[in-house]
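Data block below; observations after.
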Amino acid sequence: MYHTVHPSADGRDIFSKYMTIGGMPYLSNLRYEEEPSQLYLQDLYNSVVLKDVVKRNSIRDVDLLERIIAYITANIGTIFSATAISKYLKSEGRIVAPETILSYIKACEDAFLFYRVKRQDLQGKKILTVNEKYYIADQGIREAVFGSNLKDINLILENSIYMELLRHGYQVTVGKAAEKKIDFICERRNEKIYVQVCYLLASEETIQREFGVYDSVRDNFPKYVLSLDDFDMSRNGIKHRNIRDFLLSDKWD
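Straight run, no breaks: the sequence shown in this note's numbering ends on number 254.
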């Protein structure tokens, strides 16, 4: 959830600030002022990387670790593999085995810097073990060390929704249905919801694409399309919600 910056602040401004500096609780002590908040988030990142990751795992090649973190940070919410990172590093003159990359990523996961999300084949009813997604613990850290959160707003919105789903106790996977991809399949106890995240439903083509991911999903569990549009575009039993309202809601059925 995001915090109140000022009682009279417009909700859209608050949300925009949340998209950039995130929701770390200590930011309230800094009154969400940009420069102190950025410095705090940079210090937090350095603390996680240098203390929790490097020292705990006795990592000697800190440069390699930082390159891997930079790659994942730039590509949160996109599907890729350790082999893809290996090829990227090779293009930069570093020869690194995918197994080494996976061990570095695991160290970052153990420090709760990144969260790995597996893919689920809805038709084959199995968990896929390659080409997973990663999300960062807080988008403010991404802005502080990488920047361009608002430029990559689709990824940041998806990251925010993922973290909120975790806070609500859901186990989350990425859905694969035929050639279409559902952003999140969320399960807890006997509940399940499907969530598709989009910046804006700005055209009929976009609407058809985002709602159409559910065409082959035949169960009766709630299905959502989330965007920043203010008008309700729910259709065919699929619920459309404004992302700000969804994040603030305690009940999503």
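No residue lacks a Cβ here, since even glycine has one placed at the ideal position from N, Cα and C. Being a predicted model, the structure only gives us computed values, none of them experimental.
Output yes or no for whether 8 Å exceeds the beta carbon distance between V118 and V54. Position 117 of the sequence shown, counted from the first residue, corresponds to residue 118. Position 53 of the sequence shown, counted from the first residue, corresponds to residue 54. Cβ atoms of V118 and V54: not closer than 8 Å.
Helix, strand or coil: which one does DSSP assign to D11? One-based indexing of the sequence shown puts residue 11 at position 10. In the three-state DSSP reduction, D11 falls in the coil class, being neither helix nor strand.
Distance check for K18 and R32, CA to CA, integer angstroms please. To locate residue 32, count along the sequence shown from 1; it is residue 31. To locate residue 18, count along the sequence shown from 1; it is residue 17. In this model, R32 and K18 are separated by some 12 Å (Cα to Cα).
My understanding is that Y200 touches I154, with C-beta atoms under 8 Å, so please give their C-beta distance in whole angstroms. On the sequence shown, residue 200 is found 199 positions in, with the first residue counted as 1. On the sequence shown, residue 154 is found 153 positions in, with the first residue counted as 1. Confirmed, about 6 Å.
Between Y136 and F113, how many whole angstroms is the CB-CB distance? I'm expecting something under 8 Å. The count along the sequence shown starts at 1 and reaches residue 136 at position 135. The count along the sequence shown starts at 1 and reaches residue 113 at position 112. Contact annotation, Y136 with F113: C-beta distance approximately 11 Å; criterion of less than 8 Å not satisfied.
Excluding five sequence neighbours on each side, which residues of the same chain lie with their C-beta closer than 6 Å to the C-beta of L227? Along the sequence shown, one-based indexing puts residue 227 at 226. So the list reads V198, R242, I244, F247, once near-sequence residues are dropped.
Output the distance between the C-alpha atoms of S99 and M234, rounded to the nearest integer angstrom. To locate residue 99, count along the sequence shown from 1; it is residue 98. To locate residue 234, count along the sequence shown from 1; it is residue 233. The identity of residue 99 in the sequence shown is Pro, whereas the question assumes Ser. Those two C-alpha atoms are separated by around 43 Å.
Going by the beta-carbon positions, is the gap between L151 and T21 smaller than 8 Å? Position 150 of the sequence shown, counting from 1, holds the residue named residue 151. Position 20 of the sequence shown, counting from 1, holds the residue named residue 21. Result yes, Cβ atoms of L151 and T21 sit closer than 8 Å.
For I96, tell me which candidate among S204, A203, V131, I69 has the shortest Cα-Cα distance. Along the sequence shown, read from residue 1 onward, the residue named residue 96 stands at position 95. Comparing Cα positions, the closest option is I69.
I'd like to confirm the pairing. Which residues does DSSP put opposite C187 in its beta bridges? For this step, residue 187 is matched to residue 186 along the sequence shown. Under DSSP, C187 shares a beta bridge with V173, I194.
Given Y89 as reference, the closest of I73, G78, I77 once Cα atoms are compared: Within the sequence shown, residue 89 is the residue found at index 88, counting from 1. Nearest C-alpha to Y89: I73.
Quick check on R189: buried or exposed, where buried means 16 or more other Cβ atoms within 10 Å of its Cβ? Here residue 189 is taken as the residue at index 188 of the sequence shown, counted from 1. Classification of R189: exposed, given that the 10 Å Cβ count is below 16.
Using C-beta distances below 7 Å, list every residue in its chain close to A75, excluding the 5 sequence neighbours before and after it, in chain order. Along the sequence shown, one-based indexing puts residue 75 at 74. Sequence-distant partners of A75 (beyond 5 residues in either direction) whose C-beta falls short of 7 Å from its own C-beta, in its chain, are F147.
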